[in-house]
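Position in the sequence shown counted from 1, then plus 59, gives you my numbering. Inspection log for the structure reproduced underneath, given as structure tokens.
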Amino acid sequence: MSETNKPMRRTLEGRVVSDKMQKTVTVLIERRVKHPVIGKVITRSKKYHAHIEGLSASAGDLVQIEECAPISKTKAWRVSKVIQRASEV
60 MSETNKPMRR
70 TLEGRVVSDK
80 MQKTVTVLIE
90 RRVKHPVIGK
100 VITRSKKYHA
110 HIEGLSASAG
120 DLVQIEECAP
130 ISKTKAWRVS
140 KVIQRASEV
């Protein structure tokens with residue numbers, strides 16, 4: 060058997076909006092959905108607290124987060140990789 064028993068984890072991509080906490084970043088996830096009645100495409104957004112250790116991400120970076128076992132009351136996500144750094148002006 061070459062299959063592993065590793066569970067499939069959900070992954071999301073979003074922008075870091077806050078990196079003020081130690082080992083934690085706040086990631087804003089935006090998704091576009093069609094309104095059920097009107098039919099207009101609208102943007103829904105939600106913020107997640109994600110655990111970051113070993114990597115460094117600052118505000119404005121595009122990151123990928125994956126779900127994990129709860130780390131604290133508000134953290135159940137982990138930053139898996141930094142996709143794009145924010146451009147400095």
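Cβ atoms here follow ideal geometry from the backbone N, Cα and C, with glycine treated the same way.
Of all alpha-carbon atoms in 102, 71, 108, 96, the one lying nearest the alpha-carbon of residue 90 is that of 102. Looking at 119, 80, 98, the one whose alpha-carbon comes closest to that of residue 142 is 119. Annotation: residue 79 is outside any beta strand (DSSP E) and is labelled neither H nor E by DSSP. Across the set 75, 146, 111, the C-alpha of 111 shows the shortest separation from the C-alpha of residue 136.
For residue 131, the three-state secondary structure derived from DSSP is coil.
One thing to note: residue 124 has its Cβ no nearer than 7 Å to the Cβ of residue 92.
For residue 76, the closest alpha carbon among the candidates 99, 94, 63, 107 is that of 107.
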